[in-house]
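Counting with my numbering, you get residues -4 to 498 for the letters of the sequence shown. Glycine included, every Cβ here is placed at the ideal spot set by N, Cα and C. Below is one structure, written out as structure tokens, with a few remarks after it.
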Amino acid sequence: MIGFEFVLPAILGLPLVGAVLIFYFGFAPNARETVTLLTAGSLFALVTTLIDPVMAGERPEVVLFEMLPGLALALHAEPLGLIFALTASFLWIVTSVYSIGYMRGHHEKNQTRFYVFFAISITAAIGVAVAANLLTLFVFYEVLTLSTFPLVAHHGSDKAKRGARVYLGILMTTSILFLFVAIIWTYLATGTTDFTPGGILAGKVSGPAVGVLLALFAFGIGKAALMPFHRWLPAAMVAPTPVSALLHAVAVVKAGVFSVVKVIVYIFGIDFLAGEPSGGWLVWVAGFTIVAASLVALRQDNLKRRLAYSTISQLSYVILAAAILAPISVVGAAMHIAAHAFGKITLFFAAGSIMVASHKTEVSQLDGIGRRMPWTMGAFAVGAVSMIGLPPTVGFVSKWLIVDGAVATGNWVALGVIVLSTLLNAAYFLPVVHAAFFKPEEALPHGDSHSGDEEAHGHSVIHDHGESPLPSVLALTITAAGTVILFFTADAPLALARLLTGG
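This is the structure in structure tokens:
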């Protein structure tokens, strides 16, 4: 078997090598995209080699560079990080397939730059996933922010640049003012920043200080999009749809909620935090974010903005699950990272396909579009059902585990939030599906077959279209199928997730 001293650095280096080759072949689109697909596939294959040893109880670690005693850049394979790495690396393959259809079909400029920075972003996401300590996580967390900034600003318009500045400003400010301070505090209190089963803070911090330190972590990890530090996410919707998929499903927001869960499990420790009342506020903040973002999503006519606020809400399901502090709910948090990734990337793929094929961007424009784009809207329906949390999709599995944890601990606030938000999810997703398949298509004025560039103004009613390019349809079909397949094969990821709590 390949040695861990090779595998862990290789899963970081492979996307970087891919980025260099993508740049080198930038003059030849077919070669450039072939390199992208080969790199993505190779990365996923390499990450899968860690499954058996981690399931067997091994926790391989490699030190890359030691700055000071106890402060090193180090990589470490453990169950939660492996779930994140598997999800991100697999979805990079699918997103690359989708991007080929989208970027060509939409005649996007600077496609080579897009693929290069996408590869660098995946490197950073994998670095977050296999970080052995808070210092390593912080370094890759910041690299992820910086490498996705050019992707958010991809279009180069004033609106894109403005959205990218909001994105960068909020994420960098929160990480430097809060997260970095929390890491220093943790190191001074414990003498280490290592992720350790059971946590490292017991006996080192107590009382109200626990709640304050938790707040520095929770709000400092701005990618988790807890209110009020959530506005970067809707602002980033100016980016192309494949970038939105990267932000919402593959890397960025998943790095956020993953980091929060990892801090709760491996820095605070579930048992320690459960015994400290000053940490109880996180359930309330996560619950507020879930409900408030759902209410905002309900009012959005722009499809991508509706999905953006849905993402803010769904991310806080992960944080709520971890904050319930029951072993089963922590397993649910890990599962919801994967469940949300597959469901939400399907929804964004569908939104991008609709825009490419019909130039429609508003929910109010989608009447009857399911008859012209049955594969796209069928996949959208599957993604929506998973986000609501209904069988037979993996969203049901993760939500059931979170509910189980809330009931087991008597956390009726969390349970009420889940019930209410489920109804709100249905309220903002199901009307889209109903309109697409059951409402008649809006009639065009005589002789008006399309509307040129009106998409930017929200008035496009192009009717002479079918599905988006085949690679895009193929990608969204794969991810929609994945949400159902994971429902029926949930035992495998659940076995990995249960290792988080010693199950």
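- DSSP, reduced to helix, strand and coil, places phenylalanine 224 outside both helices and strands of the structure shown, so it counts as coil.
- The count of Cβ pairs closer than 8 Å, one atom from the stretch 42 to 55 and one from the stretch 67 to 76, reaches three, so the stretches are in contact.
- Per DSSP, reduced to three states, the secondary structure at aspartate 362 is coil, with no helix or strand assignment.
- A direct Cα-Cα distance of roughly 51 Å separates tryptophan 180 from leucine 361.
- Taking a contact as a CB-CB distance under 8 Å, the pair phenylalanine 113 and methionine 98 does not count as one, their CB atoms being some 11 Å apart.
- In this chain, the alpha helix (DSSP H) harbouring alanine 114 covers 106 to 124.
- Counting C-beta pairs with one atom in each stretch, the stretch 317 to 337 and the stretch 345 to 363 have fewer than three that are closer than 8 Å, which means they do not touch.
- The beta carbons of serine 324 and alanine 316 sit about 5 Å from each other, so the pair counts as a contact at 8 Å.
- Beta-bridge partners of phenylalanine 60 (DSSP): Leu68.
- Taking the Cβ atoms as the reference, isoleucine 17 lies roughly 27 Å from isoleucine 332, outside the contact range of under 8 Å.
- Under DSSP, the beta-bridge partners assigned to aspartate 189 are Asn128.
- Taking the Cα positions, threonine 484 is about 34 Å away from valine 138.
- Judged by DSSP in its simplified three-state form, asparagine 25 adopts helix.
- A direct Cα-Cα distance of roughly 16 Å separates leucine 209 from glycine 193.
- By the C-beta criterion, the stretch 402 to 413 is judged not to be in contact with the stretch 326 to 345, since fewer than 3 inter-stretch pairs fall below 8 Å.
- Counting along the chain, the unbroken alpha helix (DSSP H) around glutamine 309 starts and ends at 298 to 319.
- In this structure, histidine 149 lies near valine 238, with their beta-carbon atoms less than 8 Å apart.
- When the Cα atoms are used, serine 393 and valine 12 turn out to be separated by approximately 35 Å.
- Beta-bridge pairing by DSSP links glutamate 357 to Asn297.
- Phenylalanine 133 is a Cβ neighbour of isoleucine 178, given a cutoff of 8 Å.
- By the beta-carbon neighbour count (other beta carbons within 10 angstroms, threshold 16), proline 435 is exposed.
- One alpha carbon belongs to phenylalanine 424, the other to isoleucine 95, and they sit about 27 Å apart.
- For proline 426, the enclosing alpha helix (DSSP H) begins and ends at 407 to 433.
- Here DSSP, grouped into helix, strand and coil, assigns serine 467 to helix.
- Exclusion of the five residues before and after alanine 250 leaves Ala120, Val123, Tyr136, Leu139, Lys218 as the residues of its chain whose Cβ lies within less than 7 Å of its Cβ.
- DSSP, reduced to helix, strand and coil, places alanine 197 outside both helices and strands of the structure shown, so it counts as coil.
- For proline 235, no alpha helix (DSSP H) encloses it, and the DSSP letter there is neither H nor E.
- The residues Gly194, Leu196, in chain order, have a CB closer than 6 Å to that of phenylalanine 263 in the same chain once the five nearest residues on each side in sequence are set aside.
- Just measuring C-alpha positions, the residue of Val380, Asn25, Thr371, Arg366 sitting nearest threonine 107 is Asn25.
- Closest by C-alpha distance to proline 203, out of Ala403, Leu38, Ala213, Trp276, is Trp276.
- DSSP, read as helix, strand or coil, puts leucine 45 in coil.
- In the structure shown, glycine 338 adopts helical secondary structure according to DSSP, grouped into three states.
- Of the candidates Leu130, Ile473, Ala374, Leu130 places its Cα closest to the Cα of proline 64.
- Here DSSP, grouped into helix, strand and coil, assigns isoleucine 383 to helix.
- Sorting Arg160, Thr478, Leu172 by C-alpha distance to the C-alpha of tryptophan 227 places Arg160 at the top.
- According to the DSSP assignment, phenylalanine 253 belongs to the alpha helix (DSSP H) that extends over 247 to 258.
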